[in-house]
Amino acid sequence: MTRTAVRAAQLLPAIRDLYGRLSETYHLQPWELQWVMYALNYTDELEDKAEIAAAIEVARTDYPQLRPAA
Numbered sequence: 295m296t297r298t299a300v301r302a303a304q305l306l307p308a309i310r311d312l313y314g315r316l317s318e319t320y321h322l323q324p325w326e327l328q329w330v331m332y333a334l335n336y337t338d339e340l341e342d343k344a345e346i347a348a349a350i351e352v353a354r355t356d357y358p359q360l361r362p363a364a
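In this note's numbering, the protein residues as written are 295 to 364.
In C-alpha cells:
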C-alpha cells in the first residue's frame, strides 16, 4: 500500500474523531476541514480535498443529530 493510500485510509477515523470532539466542525467545507485537520495535527500535511470530501460523506452518516431537519 502506498503512502497516499495509507493517509486516505486514515482520513475517515480522523474526521470521525474530529466530529466527536468538535461538533462545530461538522458543517465545514472540505477546503476548510483540510486546514483544521492540519492545524490540529490530525494530518502531517494538507490532504487532498477530494479525499476529505469522500471521507466527510461517510462520516456525516454517523452523526444524524447534527444534520439539519428535513
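The C-beta atom is built at its ideal place from N, Cα and C for all residues, glycine as well. Here the structure is a predicted model, which means the values were calculated and not measured.
Subject >> Sequence-distant residues of its chain with Cβ nearer than 7 Å to L278 (five each side left out) >> reply: Outside the displayed range of the chain (295 to 364) lies residue 278, so it cannot be described from this structure.
Original post:
Where D356 and Y313 are concerned, what is the direct C-alpha to C-alpha distance, given to the nearest angstrom?
Top reply: So the two alpha carbons sit approximately 9 Å from each other.
Subject >> With 16 other Cβ atoms within 10 Å as the buried cut-off, status of L327 >> reply: L327 comes out buried.
Original post:
Taking the continuous alpha helix (DSSP H) assigned at Q328, which residues delimit it?
Top reply: It spans 324-333 - the alpha helix (DSSP H) in which Q328 sits, taken as one unbroken run.
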